[in-house]
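K.L.:
Protein chains in written order, with the working numbering: chain A, 1072 to 1180; chain B, 2 to 114.
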Amino acid sequence: RKEVEQDPGPFNVPEGATVAFNCTYSNSASQSFFWYRQDCRKEPKLLMSVYSSGNEDGRFTAQLNRASQYISLLIRDSKLSDSATYLCVVISNDYKLSFGAGTTVTVRA
Amino acid sequence: SQTIHQWPATLVQPVGSPLSLECTVEGTSNPNLYWYRQAAGRGLQLLFYSVGIGQISSEVPQNLSASRPQDRQFILSSKKLLLSDSGFYLCAGYPGTANYGYTFGSGTRLTVV
């Protein structure tokens, strides 16, 4: 079983729509969680950390469910510029960084 | 804040040639450093990580090696490249503060011909 798994998508949504997707992780001792955004042929860039209580950054909301071992990302009022691949990142207690394969989101006009 | 410098941006090398990719860190001391490879249309694969000078952990057995001769320098090497070594190589650093996440270099796109 992979350490981090994501639905690859693609999620094709119209502008203004809400899109949400999850990421599951296998190591119950995982300590930190992040969502990264990767544009085509570019390096990943930190989108937001995921806190235990859930957190929001503008149109983006991240949730953590430790009992079921998954994190989620919700994007409200989608913009064309939100089109990208979203990578789930899980950090274990020995600082090993594990990536999901990414969820592709395409926002259409 | 932490900045990762990585070069070159693109590289075309013949099969069997050696490789040396360098990554340097600015802005933090004693960071954890990582080398990742991303094949076309695929996810990120962890190759090596280092928690300090001279300390290297290998995640995937292959013809690549890594070294950390200085606190802020991480080098990825190969003595003889294979076609399958083609990909997008990314260096990442973690400053030790959990909620700041990891920073990536801009990557090296390697094509082995």
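A virtual CB, placed ideally from N, CA and C, is assigned to each residue, including glycine.
#1: Are the CB atoms of residue 1095 of chain A and residue 1157 of chain A within a distance shorter than 8 angstroms?
#2: Roughly how many whole angstroms lie between the Cα atoms of residue 105 of chain B and residue 1088 of chain A?
#3: Counting along the chain, where does the beta strand (DSSP E) carrying residue 1116 of chain A start and finish?
#4: Do we get a CB-CB distance below 8 angstroms when we pair residue 75 of chain B with the residues of chain A?
#5: Hey, would you say residue 10 of chain B sits closer than 8 angstroms to residue 112 of chain B, going by beta carbons?
#6: Quick check on residue 54 of chain B: buried or exposed, where buried means 16 or more other Cβ atoms within 10 Å of its Cβ?
#7: Would you say the segment 1106-1114 of chain A touches the segment 1158-1173 of chain A, given that touching needs at least three Cβ pairs under 8 angstroms?
#8: Starting from the beta carbon of residue 52 of chain B, find every residue of chain A whose beta carbon is closer than 7 angstroms, and list them in chain order.
#9: Only counting the same chain, and skipping five residues up and downstream in sequence, which positions put a Cβ closer than 6 angstroms to that of residue 1080 of chain A?
#10: Could you check whether the Cβ of residue 49 of chain B sits closer than 8 angstroms to any Cβ belonging to chain A?
#11: Looking at the unbroken beta strand (DSSP E) that takes in residue 39 of chain B, where does it start and where does it end?
#12: Run through chain A and tell me which residues come within less than 9 angstroms of residue 107 of chain B, C-beta to C-beta.
#13: Kindly identify the DSSP beta-bridge partner or partners of residue 24 of chain B.
#14: Kindly list the residues whose CB is nearer than 8 angstroms to the CB of residue 83 of chain B, restricted to its own chain and excluding five residues on each side of it in sequence; keep chain order.
#15: Using a cut-off of 9 angstroms between C-beta atoms, extract the partners of residue 103 of chain B located in chain A.
#16: Evaluate residue 1111 of chain A with the Cβ neighbour count: other Cβ atoms within 10 Å of its Cβ, from every protein chain shown; 16 or more gives buried, anything less gives exposed.
#17: Since residue 1100 of chain A and residue 1154 of chain A are thought to touch, with beta carbons under 8 angstroms apart, how far apart are those beta carbons, to the nearest angstrom?
#18: Rounded to the nearest angstrom, what separates residue 1086 of chain A and residue 1134 of chain A at their Cα positions?
#19: Could you give the DSSP three-state label for residue 1153 of chain A: helix, strand or coil?
#20: Please confirm whether residue 1100 of chain A has its beta-carbon closer than 8 angstroms to some beta-carbon of chain B.
P.N.:
The answer reads as follows:
#1: On the first sequence, position 86 is the one that residue 1157 of chain A refers to. On the first sequence, position 24 is the one that residue 1095 of chain A refers to. Not a contact, by the Cβ cut-off of 8 angstroms.
#2: Along the second sequence, one-based indexing puts residue 105 of chain B at 104. Along the first sequence, one-based indexing puts residue 1088 of chain A at 17. Residue 105 of chain B and residue 1088 of chain A have their C-alpha atoms spaced approximately 30 angstroms apart.
#3: Walking along the first sequence from the start, residue 1116 of chain A turns up at place 45. For residue 1116 of chain A, the enclosing beta strand (DSSP E) begins and ends at 1116-1121.
#4: Along the second sequence, one-based indexing puts residue 75 of chain B at 74. By this cut-off, residue 75 of chain B is not an interface position.
#5: Within the second sequence, the letter at position 9 stands for residue 10 of chain B. Within the second sequence, the letter at position 111 stands for residue 112 of chain B. No, Cβ-Cβ distance for residue 10 of chain B and residue 112 of chain B is not below 8 angstroms.
#6: Position 53 of the second sequence holds residue 54 of chain B. Within a 10 Å sphere around the beta-carbon of residue 54 of chain B sit fewer than 16 other beta-carbons, which makes this residue exposed.
#7: Pairwise C-beta distances place the segment 1106-1114 of chain A in contact with the segment 1158-1173 of chain A, as three or more of them are shorter than 8 angstroms.
#8: Taking the second sequence and counting its residues from 1, one reaches residue 52 of chain B at position 51. The answer, in chain order, is 1166.
#9: By one-based count along the first sequence, residue 1080 of chain A stands at place 9. The residues are 1174, 1175.
#10: Position 48 of the second sequence, counted from the first residue, corresponds to residue 49 of chain B. Chain A, which has no Cβ nearer than 8 angstroms to the Cβ of residue 49 of chain B, makes this no.
#11: In the second sequence, counting from the first residue as 1, residue 39 of chain B sits at position 38. Residue 39 of chain B -> beta strand (DSSP E) spans 33-39.
#12: One-based indexing of the second sequence puts residue 107 of chain B at position 106. The contacting residues are 1113, 1114.
#13: For this step, residue 24 of chain B is matched to residue 23 along the second sequence. According to DSSP, which records beta bridges pairwise, residue 24 of chain B is partnered with B/7, B/75.
#14: Position 82 of the second sequence, counted from the first residue, corresponds to residue 83 of chain B. Closer than 8 angstroms at Cβ, skipping near neighbours: 16, 64, 113.
#15: To locate residue 103 of chain B, count along the second sequence from 1; it is residue 102. Per Cβ cutoff of 9 angstroms: 1105, 1107, 1115, 1117, 1160, 1162, 1168.
#16: By one-based count along the first sequence, residue 1111 of chain A stands at place 40. Exposed is the call here.
#17: Along the first sequence, read from residue 1 onward, the residue named residue 1100 of chain A stands at position 29. Along the first sequence, read from residue 1 onward, the residue named residue 1154 of chain A stands at position 83. Residue 1100 of chain A to residue 1154 of chain A, Cβ: 34 angstroms. No contact.
#18: One-based indexing of the first sequence puts residue 1086 of chain A at position 15. One-based indexing of the first sequence puts residue 1134 of chain A at position 63. So the alpha carbons of these two residues sit roughly 23 angstroms apart.
#19: Within the first sequence, residue 1153 of chain A is the residue found at index 82, counting from 1. Three-state result, residue 1153 of chain A: helix.
#20: On the first sequence, residue 1100 of chain A is found 29 positions in, with the first residue counted as 1. Output row for residue 1100 of chain A: interface = no.
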